[in-house]
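Undergrad: In order, the protein sequence lines correspond to chains E, X, V and C.
Start counting the first sequence at 1; every next residue gets the next number (the UniProt record's numbering).
Start counting the second sequence at 1; every next residue gets the next number (the UniProt record's numbering).
Start counting the third sequence at 1; every next residue gets the next number (the UniProt record's numbering).
Start counting the fourth sequence at 1; every next residue gets the next number (the UniProt record's numbering).
Glycine is no exception: its CB is placed at the ideal position from the N, C-alpha and C atoms.
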Amino acid sequence: MIELTARTPFDGLLPIEAGALRLSEAAPARMTSLAPYRGRDKALSEALKAAHGMAFPAPNRATGREGARAVWFGQRMALLIGPEPDAGLTEFAALTDQSDAWAVARLEGEGAAEALARLAPLDLREGAFKRGHTARTELGHMHASLTRISGESWRIMVFRAFARTLAHEMREAMQSVAARAGV
Amino acid sequence: MRFSGWRVLREGLTGNRGWRPHWRDAAPKSEYDVVIIGGGGHGLATAYYLAKNHGIANVAVLEKGYLGGGNVGRNTTIVRANYMMPGNSEFYSHSLRLWEGLEADLNYNVMHSQRGQIVLFHSDGQRDAGARRGNAMINQGDDAELLSRADLRRMVPYLDYDNARFPIYGGLLQRRAGTARHDAVAWGYARGASERGVDIIQNCEVTGIDTKGGAVTGVQTTRGAIRARKVAIIVAGRSSQVAAMAGMRLPIESHILQAFVTEGLKPCIDHVISFGMGHFYISQSDKGGLVFGGDLDMYASYAARGNLPMVEHVMEAGMTLMPMIGKARVLRSWGGIMDMTPDGSPIIDRTHIEGLYLDAGWCYGGFKAVPGSGFSMAHLVATDRHHPPAARYRLDRFRTGRGLMDEEGTGSQHNLH
Amino acid sequence: MRITCPICGPRDRREFYYQGAAVAIERPAPDAGAEVWDDYLHNRDNPAGETRDLWYHESGCAAWIVVTRDTNTHEVMGAELADDAKAERP
Amino acid sequence: MRIAGKGLIDRARPVGFRFDGHRYEGFAGDTLASALLANGIRVMGRSFKYHRPRGVLSAGSEEPNALVTTGLGPAQEPNVRATTLELHEGLMARSQNRWPSLGWDALAVNDLFAPFLGAGFYYKTFMWPRRFWERVYEPVIRRAAGLGALSGEAVTQKYERAWAHCDLLVIGAGPAGLMAARTAAEAGADVILVDEDTVCGGRLNAERLEVDGRPGAEWAAAMAADLAARPNVRIMTRTTVTGAYDGGVYGALERLAHDVAMRPGAPLECFWRINARAAVLAAGALERPVAFANNDRPGVMTAGAVRAYLNRWRVAPGRNVAVFGNTDDAHRTAADLVAAGVHVSALIDARPHARCDLDVPFYAGAQVCNAQGRHGLEAISIARASGIEKVQADCLAMSGGWNPTLHLTCHMNGRPAWNPDIAAFVPRDGAIPGMVTAGACRGDFSTRACLEGGARAAAQALETLGLKAPEADIPKAEDSAYDIAPLWAVPGKGRAWLDFQNDVTVKDVKQAAVENFRSVEHMKRYTTQGMATDQGKNSNVAALAVLADATGRGIPETGTTTFRPPYSPVAIAAMGAGAQGKGFAPERFTTSHAASVARGAPMIEAGLWYRPSYFPKPGETHWRQSCDREVGYVRGAVGIADVSTLGKIDIQGRDAGAFLDYVYTNTFSTLKVGRVRYGLMLREDGFVMDDGTCARLGEEHYLMTTTTAAAGQVMRHLEFVHQCLAPKMDVRFISVTEQWAQFAVAGPKSRALLDDLLDAPVGDMPFMGCGEVTVGGVAARLFRISFSGEHAYELAVPARYGDALFRELAARAEGLGGGPYGMEALNVLRIEKGFITHAEIHGRVTADDIGMGRMISAKKDCIGKTMAARPGLSEPGREQLVGLKPVGAVKELTAGAHLFEQDAQAVSANDLGYLTSVGFSPTFGRFLGLGFLRDGRERHGEVLRAVDHLRQTETLVEVQDPVQFDADGGRTRD
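1) Considering only the alpha carbon of each residue, which of 650/C, 964/C, 455/C lies closest to residue 97/E?
2) So, residue 337/C versus residue 368/C, is the Cβ gap smaller than 9 Å?
3) Taking buried to mean at least 16 other C-beta atoms within 10 Å of its own C-beta, is residue 524/C buried or exposed?
4) Thinking C-beta only, is residue 36/C closer than 9 Å to residue 147/C?
5) Count the other CB atoms, across all protein chains shown, that sit within 10 Å of the CB of residue 154/X; report buried if there are 16 or more and exposed otherwise.
6) If you scan the segment 88-163 of chain X from start to end, which runs of the beta strand (DSSP E) of 3 or more residues do you find wholly inside it?
7) Select from the segment 9-41 of chain V all residues with a C-beta closer than 7 Å to any C-beta belonging to chain C, and list them in chain order.
8) Tell me the DSSP secondary structure of residue 90/V in three-state form.
9) With distances taken between CB atoms, is the gap from residue 700/C to residue 971/C smaller than 9 Å?
10) Check distances from the C-beta atoms of the segment 324-347 of chain X to those of chain C and list, in chain order, the residues that come in under 7 Å.
11) Is the Cβ of residue 55/E closer than 9 Å to any Cβ of chain V?
12) How close, in whole Å, do the beta carbons of residue 320/X and residue 215/X come, if the pair is a contact with beta carbons under 8 Å?
13) With a cut-off of 8 Å on the beta carbons, I'd call residue 93/C and residue 18/C a contact; round off their distance for me.
14) Thinking residue 1/C and residue 308/C are a contact (beta carbons under 8 Å), I'd like their distance in whole angstroms, please.
15) Among the candidates 329/X, 110/X, 43/X, 41/X, whose CA atom is the shortest distance from the CA of residue 242/C?
16) Would you kindly work out how many angstroms separate the C-alpha atoms of residue 341/C and residue 321/C, rounded to a whole number?
17) Decide if residue 88/V is buried, meaning its Cβ has at least 16 other Cβ atoms within 10 Å, or exposed.
18) Flag this pair as touching only if the segment 488-503 of chain C and the segment 59-77 of chain C have three or more C-beta atom pairs under 8 Å; answer yes or no.
19) With a threshold of 9 Å between beta-carbons, can residue 875/C be considered close to chain X, or not?
20) Looking at the C-beta of residue 109/E, does it have a partner C-beta in chain C at a distance below 9 Å?
21) Establish whether the CB of residue 95/V and some CB of chain E are separated by less than 9 Å.
22) Is the beta carbon of residue 893/C sitting closer than 9 Å to the one on residue 932/C?
23) Residue 79/V touches chain E at which residues, Cβ-Cβ below 7 Å?
24) Would you be able to state if there are at least three C-beta pairs under 8 Å between the segment 98-116 of chain X and the segment 868-876 of chain C?
25) Determine the chain V residues that contact residue 723/C at a beta-carbon separation under 8 Å, and present them in chain order.
26) Tell me, please, whether the CB atom of residue 412/C is closer than 9 Å to any CB atom in chain V?
27) Which residues of chain B have a Cβ atom closer than 8 Å to the Cβ of residue 16/X, listed in chain order?
28) With 16 as the cutoff for other CB atoms within 10 Å, does residue 90/V come out buried or exposed?
29) Let's test the definition: count the other Cβ atoms within 10 Å of the Cβ of residue 388/C and tell me whether it reaches 16, buried, or not, exposed.
30) Rounded to the nearest angstrom, how far is the Cβ of residue 516/C from that of residue 22/X, given a contact under 8 Å?
31) Quick one: grab the DSSP three-state call for residue 42/E.
32) Can you name, in chain order, every residue of its own chain whose Cβ lies under 8 Å from the Cβ of residue 361/C, other than the five neighbours on each side?
33) Taking 9 Å as the cut-off, decide whether the C-beta atoms of residue 730/C and residue 654/C are in contact.
34) Going by DSSP, which residues form a beta bridge with residue 99/C?
35) Tell me, please, which residues DSSP counts as bridged to residue 34/X.
36) Determine the closest residue to residue 77/V out of 50/V, 60/V, 54/V, 25/V, with distance taken between C-alpha atoms.
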């Protein structure tokens, strides 16, 4: 039997550092989209709570904890990040493996929101986009998912094939922010 | 008064005291043979050719604002005949031939400049589609040349051949394409029509179309009622509203298209250049400004102004295609109202009301069509027969599916060509 | 221009794809006849003023929404999900 | 000439710079204009048409005359306003639009021919002979026109774009803006305060006015410092708000300070999109010149500019200065000059009732009617009741009053209102939703009124945000009344300039009126008035007044032209920042990209993706050799191609089958689990939108594939159909394009390869079957489908294994006498087999046109079915898909050639169709083509001419079935 070597989306592209900012790969083990069938939203949320300990997230919110999160991912859709999905969920929702579909990065450091403000048309001010908030949006012409993990720490997701473009765009933005800050 | 270099000289030597109005401002009479609603390029040209070709001079052109204040005064001045669909092909070919004689005909320098247009392509597939188009142009009797990358490097060395996101494979050149001074086209036609007896009536808005027994009898205006045997609606940007006065619902959605001009610069771009991948086109005016534009803003609008997403997209396209223009500064942006039809091609036709005619739906291609549209519309109004080059511009083609002219292949539904 | 997505809140226009008049959601029956289909697919009120048009939050939540807007001023008066708009119809 | 005093320059930091090659020195804090004036340089530019020598007119971004070029090579920047260009060490500026030199310009001869070059002269001449326009007249005109020059080189400096969000945007940091910002900040609002200048303060930096008992500039600096220290305030200096857009979006251009911009990674400029819930416009006012004969002489400048040079930069623009105005500003200017120790040769006040309390020669009720001195002002002529008096002056400070800077309020089609009290246009309330105006930009000209107005406007704006403004503490400041006697143009002979840069004079406007260009828009377009780089900021109102006078109308009924974005010009590089080169669109890379590049494959664009064109081998010198070899792999052994770029959509739910029946023309609800079917999708207009295969993975689970090009469009379409047309259907879908790396394994040895590779043999999977397999223990999907006409499979693994699997497949294929193949070979294979791509389904073809009319199921409705039945889409005479092969002496086919009967002329009337795809088939040893031909299916066997005028080829072609290889499909099914 042959052995296939796995490669992560940002293999060889990250980390990037500029001033106080650092962008690194944060590829989760498993990502599964959960899309409830008609009228099964509540049942799915309960099953999700029972199986994985978090409710189905409200729009633009993430639920769960480090290692097992449900991140809102679009109209009536969430992305279960971390655990292998419980087989019972399939009764209530369409489950689709997305583990390899997304390039996932983490941006950290002072000025992170400023760097993202170079690429995303979102209001990322602390008061408007708090810890645990998430959004589907555009990041430098790419469809993206953006989540504030904590104060200056963000999860950025784009389609896997865009990994190189994201790394390039983020590098430019991070360098701008760092240069303006004089570091 | 005939315009010429001698006249300019003579007036200059005598204090420029002899100049006269370019056109006569008329007060509306109570009755005309033909009332043309709309004093834009197409309306004025129609009036001119009604008088010149058909001897019908008892014509009023009614303009709600100032003449030439619509799209003829706010376009990017490009004149070309590079269409491939039957219908468009012969129409624009005819129009371009009229352009070539326009200055002599009007005795007005509209600065028609055949500086050549290059449509770039960025893949083998685009080249093949471009070749189909170019061959159709030649089949129609117009000129077209396929340019290689090497040809282009020689002619337009400032394009980004080495790093652009979508590499340049070649281009389709039409040497007879070019630009013209847009306002002058309206003024020249106004002067020509006025000299032939047409009444040009500004600040006169049509508020109703009068019919009796299925036939048109005249119009109501802000300056009183005017009787007419025939009425022509030629009001780009207001077609749906005016047609609604006659109970019509048109296959048109009106959209905003923005355009831009930079500060004056010494000559740097000789041709009209169109970027196939980026909805971007550019030329340089005789004053030195780079005149350029892109795609529709993509939402129905009558505001004649746009928003930043498309502004930025146009600038992005410019930067990837020809990064040497980066230091040029945009001086002014503006918008025009584009009457978009489902297949992206216009309408020159009779309506369900006898004596009521429609010239509409020019999408974003109306300027170069001005002479052809005026010529063909005048023919239709005067003779009640379609002028052969415009015979396919029928209103019912969407219902029947016959003779659709979808140049871009995006559909014969409102897909915003 | 900003559009308030019923799901995501106010967002920049560039996240949305524009489709056209909201009549697109009212597809006629297959046998409704040529005139009805012509009206559905081609003919438009094209109002200068308040209009209802259809947008897709393409780089957002992927919802199709019906936006009430003024074509003269570009004022956005409101937006609702397309399937809600459909459900309201008699 | 520099004078004593502090100002806002730093005399401890001298700065060396060059202008037209000469070295000069200024100070930190100078602009190029102030430094040149300090060095006694008066001529800084040439006018557009007459090439008249020009000096600086203003001290701000509205400058029409002093435009220079800076930088070299890719950094060359034309048309830079000397008045806003911050001096920095090593700055090199050059004058422009002159030849050979600024002092002696050959085209100044135009000035002598001025009588023949009046408004619109070019519309009346240059028409004969016709061919001379492009060949002679126009090239000469173009060379003479234009201002500065681009270098022709690609920009290399970095620009950027960014977004900012706030509760309140305050535009302008003069007294009104500062008060507005502080009021809002104290109320707890998130505030962005923007000013185009390098420092806050606005006119306070240019005047000797006191606020709160201290010099105005000091007060402003203290206010700015206080604001900067607050966490809810962001001050953006060197930033111009360039446009007001819908929904509270503002565009703004930030120019980074030179030292910051020089840091590695820093941009030169940043174009901001500011989303503001509310805004206060406090943009101040611009002073207007007065038109009189030769009012464009170098040394004639606005009075406000003279005060700015004196007070801010401590530069006297002349030694012997005359002052001319129609408001108290003239007196303020004279007082400032006297205070600075500059000799005032005359103070001319057009108001007859004016009094003067300064010890200077005073002329009440008088007007300046002429100016002398070609390369610099020497004297002025003063007209008064008693006659004309000539007075020596090397500088004239003129003021025709102030125009509120209301430009942004016009950006949404707002029309300003005429206020006769101040003889100026003022903005109408509500012109921009959410924006309130304050201070001089609404016509409140005293300092006190600006301070009050700023606080009031902020309170008003805050109220709309649900915030309460604290009681404002308005500082003490001057509150003098504005007393103006309107004065636009001084009567008299000679040319009096309105638009300085474009050389539009009072005569031109009058002539335009005579020629019936009486609408202000006509006048503007006929004379080019207001179309220069200042967009009429200095001249529009005066020109309007002259037109009103010439046409016997009042100013309000004459109307205004519209100000449009941007407020001041913005570099294309700034608004298009990041797009240069590859930045225009994101790049999408397959997992096999690196391995393909390593094999030397040229990668070509396919939408946003890159795909290998072909895989060259040593010794191959032409792509055709590689392509032929790769076609041979598939026909003779086994070929490997990455097909991951095709769209893949995972579809699940109770109604999945019914939904697919609705979007596809054919039926999918009847497809068996474990089987794949080819599907065709129409647009609602009845034309083909896309095609692809769809596999049934489970009872309620399908996997749709789309073409690479249409993947996004199909996804959007599915969402539309579901949400807008069939919301009751219980179906969910998501793109899995990126989840799976998918490879075609095609050719007679494909099964052998897979049997060996997979963890278990393929077994007897039928053609159009699918199933789950494992490879190296990895769960994978296998589809027995073929785009080549051979026995073939597509193997999909999670994308993380894509790179490894491609390398493995390619190596194993090579072991079997095959190898990887690229897009070129893929194209030839599918043409041989008559398979279509978007070259054929180009948006204008029906299912019937491509021979698939029977795929529109009669048993059910589907999108596009009704309209596909329109007469025009179903009648005879349409162009139908055919195969074509060369049969004459010429063997080459070209895509884009048109088809004609052999004896017919190649003109439109005889056009029968065209070729869409061609390729050299090594299998047949000749070119093959696909194309569309009128009633083509009835013409199989006919010989036609394929004419390609562009490539100058003409080929006899025989019409045949599109499927030219293995017509019965035996090889695929075997």
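TA: Working from what's here:
1) In the first sequence, counting from the first residue as 1, residue 97/E sits at position 97. Of 650/C, 964/C, 455/C, the residue nearest in Cα terms is 650/C.
2) For the purposes of this step, residue 337/C is taken as the residue at position 337 of the fourth sequence. For the purposes of this step, residue 368/C is taken as the residue at position 368 of the fourth sequence. Judged by beta-carbon spacing, residue 368/C lies beyond the 9 Å limit of residue 337/C, meaning their Cβ atoms are not closer than that value.
3) By 1-based counting over the fourth sequence, the position of residue 524/C is 524. When all chains shown are included, residue 524/C counts as buried.
4) Numbered from 1 along the fourth sequence, position 147 holds the residue referred to as residue 147/C. Numbered from 1 along the fourth sequence, position 36 holds the residue referred to as residue 36/C. Not a contact, by the Cβ cut-off of 9 Å.
5) As a working mapping, residue 154/X is identified with position 154 in the second sequence. Flag for residue 154/X reads exposed.
6) Those beta strand (DSSP E) runs which fall completely within the segment 88-163 of chain X and span 3+ residues are 117-121, 145-148.
7) Cβ contacts with chain C: 17, 24, 25, 27, 30, 37, 41.
8) For the purposes of this step, residue 90/V is identified with residue 90 of the third sequence, where counting begins at 1. Reliability fails at residue 90/V, whose pLDDT of 49 lies under 50, so the model's placement of it is uncertain and the value that follows must be treated cautiously. In the structure shown, residue 90/V sits in coil (DSSP, three-state: anything other than H, G, I, E or B).
9) Walking along the fourth sequence from the start, residue 700/C turns up at place 700. Walking along the fourth sequence from the start, residue 971/C turns up at place 971. At a Cβ-Cβ threshold of 9 Å, residue 700/C and residue 971/C do not count as neighbours.
10) Listed in sequence order: 324, 325, 326, 327, 328, 329, 330, 331, 332, 333, 334.
11) Residue numbering aside, residue 55/E sits at position 55 when the first sequence is read from its first letter. Judged by the 9 Å Cβ criterion, residue 55/E is not in contact with chain V.
12) Looking up residue 320/X in the second sequence gives position 320. Looking up residue 215/X in the second sequence gives position 215. Contact between residue 320/X and residue 215/X does not hold, since the beta-carbon distance rounds to 56 Å and is not under 8 Å.
13) In the fourth sequence, residue 93/C corresponds to position 93, counting from 1. In the fourth sequence, residue 18/C corresponds to position 18, counting from 1. Approximately 7 Å separates the beta-carbon atoms of residue 93/C and residue 18/C; this is inside 8 Å, confirming the contact.
14) Along the fourth sequence, read from residue 1 onward, the residue named residue 1/C stands at position 1. Along the fourth sequence, read from residue 1 onward, the residue named residue 308/C stands at position 308. With 8 Å as the limit, residue 1/C and residue 308/C do not qualify as a contact, their Cβ atoms being about 15 Å apart.
15) Looking up residue 242/C in the fourth sequence gives position 242. Selected option, being the one with the closest Cα: 329/X.
16) Position 341 of the fourth sequence holds residue 341/C. Position 321 of the fourth sequence holds residue 321/C. Rounded to whole angstroms, the gap between the alpha carbons of residue 341/C and residue 321/C is 11 Å.
17) Counting from 1 along the third sequence, the entry for residue 88/V is found at position 88. Label assigned to residue 88/V: exposed.
18) Contact holds: three or more Cβ-Cβ distances are below 8 Å.
19) The sequence position of residue 875/C within the fourth sequence is 875, counting from 1. Yes, residue 875/C counts as interfacial toward chain X.
20) Within the first sequence, the letter at position 109 stands for residue 109/E. Output row for residue 109/E: interface = no.
21) Outside the shown range of chain V (1 to 90) lies residue 95/V, about which nothing can therefore be said.
22) On the fourth sequence, residue 893/C is found 893 positions in, with the first residue counted as 1. On the fourth sequence, residue 932/C is found 932 positions in, with the first residue counted as 1. Not in contact: residue 893/C and residue 932/C (Cβ atoms no closer than 9 Å).
23) In the third sequence, counting from the first residue as 1, residue 79/V sits at position 79. Against chain E, a Cβ distance below 7 Å from residue 79/V picks out nothing, because the smallest value is about 13 Å.
24) No, the segment 868-876 of chain C does not touch the segment 98-116 of chain X.
25) Within the fourth sequence, residue 723/C is the residue found at index 723, counting from 1. Residues of chain V passing the Cβ test: 63, 64, 81, 82, 83.
26) Position 412 of the fourth sequence, counted from the first residue, corresponds to residue 412/C. For residue 412/C, the closest Cβ of chain V is nearer than 9 Å.
27) Reference to chain B is not applicable here, since the protein chains of this structure are E, X, V and C.
28) To locate residue 90/V, count along the third sequence from 1; it is residue 90. Model confidence at residue 90/V stands at a pLDDT of 49, short of 50, so the residue's coordinates are unreliable; what they give is reported in the following sentence. Counting Cβ neighbours within 10 Å, residue 90/V comes out exposed, since fewer than 16 surround it.
29) Translated into positions along the fourth sequence, residue 388/C becomes position 388. Here residue 388/C is exposed, its C-beta having fewer than 16 other C-beta atoms within 10 Å.
30) Along the fourth sequence, read from residue 1 onward, the residue named residue 516/C stands at position 516. Along the second sequence, read from residue 1 onward, the residue named residue 22/X stands at position 22. With a Cβ gap of about 6 Å, residue 516/C and residue 22/X count as contacting.
31) Taking the first residue of the first sequence as 1, we reach residue 42/E at position 42. Correct three-state label for residue 42/E: helix.
32) The residue labelled residue 361/C in the question sits at position 361 within the fourth sequence. Residues of the same chain with a CB within less than 8 Å of the CB of residue 361/C, apart from the 5 flanking positions on each side, are 344, 345, 346, 347, 391 in chain order.
33) Here residue 730/C corresponds to residue number 730 of the fourth sequence, with the count starting at 1. Here residue 654/C corresponds to residue number 654 of the fourth sequence, with the count starting at 1. Taking C-beta atoms as the reference points, residue 730/C and residue 654/C count as a pair closer than 9 Å.
34) For this step, residue 99/C is matched to residue 99 along the fourth sequence. Partner residues in a beta bridge of residue 99/C, as assigned by DSSP, do not exist.
35) The count along the second sequence starts at 1 and reaches residue 34/X at position 34. For residue 34/X, the beta-bridge partners assigned by DSSP are 59/X, 230/X.
36) Along the third sequence, one-based indexing puts residue 77/V at 77. Per the Cα distances, 50/V.
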